[in-house]
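A.B. asks: Numbering (the working numbering), first residue to last: 904 to 1376. Cβ coordinates follow ideal geometry from the N, Cα and C atoms, glycine included. Predicted, not measured: the structure shown is a model, and the values here were computed from it. Here it is: the structure, laid out below.
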């Protein structure tokens, strides 16, 4: 048997970090077993479709290095891989279920369903469809209140529905009894519950790996497999990523739930891969820093922790900083230049500055902020830093530095340091932190910057003198 796994995101906004999380574990198992990884776009929720979201899914997963073997953009033996292009595969299944009596038409209006749920909640009863439409013809149902002209199709859950199943991570799992799930909506589009089962069967998916929130829905899916006489896949329900308050991580509450946020913040993709792996997996030797290849080599579902991990961005920053320091400086410079979107002389300056910041930053965004003063003489000065370091008593320091740098014959790091120490430490009798603090803020705009003397060399004599003059003014 060829192992086939899939990830099936919906293009309804910025890709969720959970898409990358699931893709990572799907892909690790697939690569371990020599199988195929499928990307499927589940776009049947037409009301929530977001233009551009599908391309963001492609871009962010590629950025993370989580590449698929089949998908809408590259095709494959089971194309098409968008559910909206597969509608003809769902209708025959619905018709078969209606014919067998395992599904039925429901004409209840949205208003009637809302009233029903509110009454159930008021009476402190379990919420669920009350089966008003079961066994009725269209005419019989039309004679009752709350009738809608266009029906949905619901599955008829039997009393003996299978509520337990084997899970690769959790062992034997018991799920609650499901409601009569809608399978086909009034617009003719299938719901997730129907479409994902049909597509997984049609595409030969052998293992369904998804978040633990789908445990409660699994009995519905098992029923559909059994009713259609299809082989069930194996299931693995991953622990949910959680905020520090243990709530489920969501895009509404936490910007880190957006996969694009990690790109914008300049985290290294290998660091995010490592971090997401740590959210649910541990290597046999317990090491925390490991590559995707090392994860693949050791992968076993028994090593996945079913307890929902806390999404600790500080831990991710630590990992990203580690990977930044491990990169060859030329590679880091190339990534930083690409992240900043610069070329030409600006790219050359940033490349030369990269060794100065490599040990000081955790993300490319931090690095860009630290070298930005080199690129634009209209750099923003930190007002707190200016207030602290550029008061009236800084004037003699700035004037002495201006004179020392103006007269230098060789404008390199060693000469710059020697001249400033002679003028400020020896000449004015200042301690180094009092001597160089005002100079740092004057030329970089911040109290935190790359090493001062190297920064002045990169700026050059003329630009440095202009900044000192501006600070004096």
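Which residues share a DSSP beta bridge with residue 1083?
C.D. replies: Partner(s): none; residue 1083 has no beta bridge.
A.B. asks: Can you give the Cα-Cα distance for residue 1083 and residue 1053, rounded to whole angstroms?
C.D. replies: Cα to Cα, residue 1083 sits roughly 18 Å from residue 1053.
A.B. asks: Shortest alpha-carbon distance to residue 1065 belongs to which of 1335, 1010, 1125, 917?
C.D. replies: Out of 1335, 1010, 1125, 917, 1125 has the C-alpha closest to the C-alpha of residue 1065.
A.B. asks: Can you give me the C-alpha to C-alpha distance between residue 1353 and residue 1302, rounded to a whole angstrom?
C.D. replies: Distance between the alpha carbons of residue 1353 and residue 1302 is about 23 Å.
A.B. asks: Got a sec, what are the start and stop residues for the alpha helix (DSSP H) residue 1242 sits in?
C.D. replies: Here the alpha helix (DSSP H) through residue 1242 covers 1232-1243.
A.B. asks: My output table needs one value for residue 1166: the three-state DSSP class, helix, strand or coil.
C.D. replies: Three-state DSSP puts residue 1166 in a helix.
A.B. asks: Where does residue 1070 fall in DSSP's three states?
C.D. replies: The answer is strand: DSSP assigns residue 1070 an E or B state.
A.B. asks: Sorted by chain position, which residues of the same chain lie with C-beta nearer than 7 Å to residue 1239's C-beta, five sequence neighbours on each side aside?
C.D. replies: Excluding positions up to five away in sequence, the list reads 1253, 1257, 1267, 1270, 1271.
A.B. asks: Drop a sphere of 10 angstroms on the beta-carbon of residue 1148, count the other beta-carbons inside from all chains shown, and report buried for 16 or more, exposed for fewer.
C.D. replies: It is exposed - the Cβ of residue 1148 has fewer than 16 other Cβ atoms within 10 Å.
A.B. asks: Output the distance between the C-alpha atoms of residue 945 and residue 1029, rounded to the nearest integer angstrom.
C.D. replies: Taking the straight line from one Cα to the other gives about 30 Å.
A.B. asks: Measure the Cβ-Cβ separation of residue 1139 and residue 1152 and say whether it is below 7 Å.
C.D. replies: Contact: no.
A.B. asks: Hey, how far is the Cα of residue 1027 from the Cα of residue 1063?
C.D. replies: Roughly 25 Å separates the two Cα atoms.
A.B. asks: Taking the straight line between their C-alpha atoms, what separation do you get for residue 1212 and residue 1144?
C.D. replies: The alpha-carbon atoms of residue 1212 and residue 1144 are separated by roughly 6 Å.
A.B. asks: Do residue 1202 and residue 931 come within 7 Å of each other at the CB atom, strictly closer than that value?
C.D. replies: Yes, the Cβ-Cβ distance between residue 931 and residue 1202 is below 7 Å.
A.B. asks: Curious, which full-length alpha helix (DSSP H) runs of at least 4 residues does the stretch 979-1014 contain?
C.D. replies: List check, alpha helix (DSSP H) in window: 990-1002.
A.B. asks: Considering only residues of the same chain and omitting the five flanking positions on each side of residue 1209, which have a CB-CB separation below 7 Å?
C.D. replies: Result list for residue 1209: 1072, 1073, 1142, in chain order.
A.B. asks: Start and end of the beta strand (DSSP E) containing residue 1113?
C.D. replies: Segment 1110-1114, the beta strand (DSSP E) holding residue 1113.
A.B. asks: What do you reckon, are the CB atoms on residue 1224 and residue 1276 nearer than 7 Å?
C.D. replies: Cβ atoms of residue 1224 and residue 1276: not closer than 7 Å.
A.B. asks: Can you check which of these residues, 995, 910, 1005, is closest to residue 975 by C-alpha distance?
C.D. replies: The option with the nearest alpha carbon to residue 975 is 910.
A.B. asks: I need the boundaries of the beta strand (DSSP E) containing residue 1193, first residue and last residue.
C.D. replies: Note, residue 1193: premise wrong, no beta strand (DSSP E); not H, not E.
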